[in-house]
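Right, one structure below, let's go through it.
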Amino acid sequence: GNSVTQMEGPVTLSEEAFLTINCTYTATGYPSLFWYVQYPGEGLQLLLKATKADDKGSNKGFEATYRKETTSFHLEKGSVQVSDSAVYFCALSESGGYNKLIFGAGTRLAVHP
Amino acid sequence: GAVVSQHPSRVICKSGTSVKIECRSLDFQATTMFWYRQFPKQSLMLMATSNEGSKATYEQGVEKDKFLINHASLTLSTLTVTSAHPEDSSFYICSAREAGGGTDTQYFGPGTRLTVL
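These protein sequence lines map, in sequence, to chains A and B. Here the first sequence stands for residues 3 to 115, where the numbers follow our numbering. Here the second sequence stands for residues 191 to 307, where the numbers follow our numbering.
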């Protein structure tokens with residue numbers, strides 16, 4: 003079945019450090035890929051998405067490229083801020099049907115001043 | 191952007207009572223809404239897929255008689271936890287997918303924290 007694997011957290015960084023959160027997937031067909039962010043006590047917010055191979059999603063300084071050859075969608079940011087502290091979820095949307103989302107386990111990011 | 195609301199945001203109830211949670215798409219119509227459950231420090235578990243005007247599709251292991259879902263309109267879906275028990279305490283999150291937009295993007299509500307005493 004389809005699945006998403008994320009690097010385990012927590013990831014602890016100093017402000018202005020470079021961030022990478024790895025995400026790989028297993029899927030049949032041609033899924034869309036997403037990164038969602040969850041701040042403490044809140045629901046999920048869509049951070050970025052990519053719908054086909056080689057697409058790059060970007061938002062708020064975060065980027066991720068849909069790599070079909072390596073089945074990856076790693077999240078990157080060049081300079082993190084304290085306000086980026088949150089849990090990040092990688093997800094894929096199963097093609098066809100109701101387009102259910104399959105989530106990774108989530109990676110907690112803590113950024114310190 | 192697409193906004194999804196949930197009500198209530200937090201509810202505390204006694205064991206054996208029923209609790210209804212509402213999920214609304216505020217600025218778009220959603221033929222499909224999804225209900226998730228999230229345990230502390232864990233990922234989201236899809237409970238069911240709710241379609242306007244038809245019965246919900248439940249994931250394996252989810253009791254449909256305990257978690258009643260109604261999707262009466264294109265902007266509202268409700269989840270009723272019947273005869274709630276302490277083990278039902280959790281964070282419940284809904285999401286909605288815009289109708290006819292040709293997109294598979296889901297927009298999430300802020301979540302409802304249910305505590306059953």
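The C-beta atom is built at its ideal place from N, Cα and C for all residues, glycine as well.
Over what stretch of residues does the beta strand (DSSP E) that includes residue i continue unbroken?
i	result
lysine 231 (chain B)	Looking at the DSSP string, lysine 231 (chain B) is not in any beta strand (DSSP E), and its letter there is neither H nor E.
glycine 59 (chain A)	58-61
tyrosine 27 (chain A)	25-28
serine 5 (chain A)	5-8
leucine 94 (chain A)	88-95
serine 257 (chain B)	It is worth fixing the name first, because residue 257 (chain B) is phenylalanine in this sequence and not serine. Run containing phenylalanine 257 (chain B): 257-263, per the beta strand (DSSP E) assignment.
phenylalanine 75 (chain A)	From DSSP, phenylalanine 75 (chain A) is part of no beta strand (DSSP E); its letter is neither H nor E.
phenylalanine 298 (chain B)	296-298
leucine 103 (chain A)	103-105
phenylalanine 64 (chain A)	64-67
leucine 307 (chain B)	Here leucine 307 (chain B) belongs to no beta strand (DSSP E), and DSSP marks it neither H nor E.
glutamate 286 (chain B)	Just to set this straight, residue 286 (chain B) is alanine in the shown sequence, not glutamate. Counting along the chain, the beta strand (DSSP E) containing alanine 286 (chain B) begins and ends at 280-288.
Cβ of residue i within 8 Å of Cβ of residue j?
i	j	result
alanine 238 (chain B)	isoleucine 211 (chain B)	no
leucine 304 (chain B)	valine 201 (chain B)	yes
serine 263 (chain B)	methionine 223 (chain B)	no
leucine 46 (chain A)	asparagine 61 (chain A)	no
proline 300 (chain B)	glutamine 232 (chain B)	no
asparagine 4 (chain A)	threonine 28 (chain A)	yes
phenylalanine 281 (chain B)	glutamine 228 (chain B)	yes
alanine 311 (chain B)	serine 199 (chain B)	Residue 311 (chain B) is absent from the structure shown; chain B starts at 191 and stops at 307.
threonine 295 (chain B)	arginine 214 (chain B)	no
threonine 22 (chain A)	glutamate 78 (chain A)	yes
valine 306 (chain B)	serine 279 (chain B)	yes
isoleucine 104 (chain A)	valine 6 (chain A)	yes
lysine 102 (chain A)	leucine 236 (chain B)	yes
threonine 221 (chain B)	asparagine 241 (chain B)	yes
glycine 67 (chain A)	lysine 58 (chain A)	The sequence given here places threonine at residue 67 (chain A); glycine does not occur at that position. Yes, they are a contact pair.
alanine 192 (chain B)	glutamate 288 (chain B)	yes
isoleucine 283 (chain B)	leucine 234 (chain B)	yes
Going by DSSP, what residues sit across from residue i in a beta bridge?
i	result
asparagine 241 (chain B)	B:Thr222
alanine 116 (chain A)	Any property of residue 116 (chain A) remains undetermined from this structure, which presents chain A solely from 3 to 115.
lysine 51 (chain A)	A:Phe36
lysine 210 (chain B)	B:Thr270
valine 201 (chain B)	B:Leu304
serine 215 (chain B)	B:Val194
lysine 79 (chain A)	A:Leu21 and A:Phe64
tyrosine 41 (chain A)	None; tyrosine 41 (chain A) has no bridge partner.
Taking contact to mean at least 3 C-beta pairs separated by less than 8 Å, is the segment 245-265 of chain B in contact with the segment 105-113 of chain A?
-> Taking 8 Å as the limit for Cβ pairs, the verdict is that the segment 105-113 of chain A does not touch the segment 245-265 of chain B.
Pair every Cβ in the segment 31-38 of chain A with every Cβ in the segment 87-97 of chain A, then say whether three or more of these pairs are closer than 8 Å.
-> yes
Should the segment 73-90 of chain A be called in touch with the segment 16-24 of chain A, which here means at least 3 C-beta pairs below 8 Å?
-> yes
Using Cβ-Cβ distances below 7 Å, what residues of the segment 96-114 of chain A are close to chain D?
-> Here the protein chains are A and B, and chain D is not one of them.
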